[in-house]
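Below: one structure, written as structure tokens.
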Amino acid sequence: MSLLYISDAPRAAAWARFFAEAAPDIAFRVWPETGDLADIEYVVAWQAPSGLLASLPNLKVLFSSGAGVDHVDFSAVPSGVQVVRMVEPGIINGMVEYATLSVLALHRDLLDYLAFQASGAWRTIEVLPASARTVGVMGLGVLGQAVLERLGAFGFRLRGWNRSARRIEGVETFAGDETLHRFLAGCDILICLLPLTSQTRGILGRGLFHALPRGASVINVGRGGHLDQAALIEALDAGQLGRAILDVTDPEPLPADSPLWRHPRVTLTPHIASMTQPETAAPRLLENLRRHQRGEPLRDVVDRQRGY
Ligand code: OXD
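If you want our numbering, it's the 1-based position in the sequence shown plus 1191.
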């Protein structure tokens, strides 16, 4: 029985070291050194080379090496194969750090102060307590909940929106499309942590921006496909939105001629908010794989119908 790992060489080396020590019974293969294709029961990949999965007669589980699975072509994954998202402490901590960094930068007007400094201006903006601001998170999965928990420690008022109902202590939660505008109406800072599906594509668009209080800011750490870029620029230029912090764009990398690069109220980072960390991801994946071997249900399985 073997596991095929598909990624870059430095990551592969870290994963291989872990498996050699913690699971010597599993043959750890690194693409393209597959060994006998019939031996492969597990694949770990961001994107498997086209046609590969169908050529593995005994494949049982495809583990995504990232939290999102919108890049997976489900039509190329044989129907009996389960797909599992990567949910591991390294990804969660990275996202909590990035969301906290962004919310505090907006809350404490850091981006304005960087601009004041660049123009040599000694200017102050009234300092508000965290309790005067409401932060709303769209998408209340593991990442969204971890972000809310950390932000709560600063004293922000918290809201969350999710397709299905969730109860989270200290957070005013909303469920389903019919509550979206009520949720948005109270958010000074909005964080998008939704999965990208046909229902959420373009959700950060004109209607949503106008449902936010005037001057609200948006942080997108979901996917570039959630955002209507033209609507964002229009809302920023009209003053409807204060600022946008974007870690993801569509396409990636962002083309050099995109107006987002130079917009004075857009802050961009190149999809680095959070990354799978081999030290924490490999043990987590092995634990899940062992569950599968024992015939127990896998954790973090993707519902193909829903797409997340
Ligand atoms: C992920 C990502 O899905 O890095 O893990 O975006």
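For glycine and all other residues, C-beta sits at the position ideal for the given N, C-alpha and C.
About 6 Å separates the CB atoms of G1327 and F1374; that is less than 8 Å, so the two are in contact.
Residues D1419, A1422 of the same chain have their beta carbon placed closer than 6 Å to that of G1396, with the five preceding and five following residues left out of the count. For W1352, the pairing in a beta bridge is given by DSSP as M1329, F1365. Rounded to the nearest angstrom, the gap between the Cα atoms of I1197 and A1203 is 8 Å.
For G1285, the enclosing alpha helix (DSSP H) has its first and last residue at 1280-1298.
Runs of the beta strand (DSSP E) spanning 3 or more residues and lying entirely within the segment 1365-1419 occur at 1380-1383, 1407-1411, in chain order. In this structure, G1257 has its beta carbon less than 7 Å from a heavy atom of ligand 1.
One thing to note: V1263 has its Cβ no nearer than 8 Å to the Cβ of Y1233. Residue pairing from DSSP places R1220 in a beta bridge opposite L1195.
Look at Y1499 here: in three-state DSSP terms it is coil, with no helix or strand label. Distance from G1430 to R1405 at the Cβ level is roughly 7 Å; contact confirmed, criterion being Cβ atoms closer than 8 Å. With respect to the C-alpha of R1208, the residue from L1477, P1223, E1487 having the closest C-alpha is L1477. In summary, N1249 is exposed, with fewer than 16 beta-carbon neighbours lying within 10 Å of its beta-carbon over all protein chains present.
As a beta-bridge residue in DSSP terms, Y1233 pairs with L1194, V1252. One Cα belongs to P1320, the other to I1217, and the distance between them is close to 53 Å. Within the chosen limit of 7 Å, ligand 1 does not reach the beta carbon of H1298 with any heavy atom.
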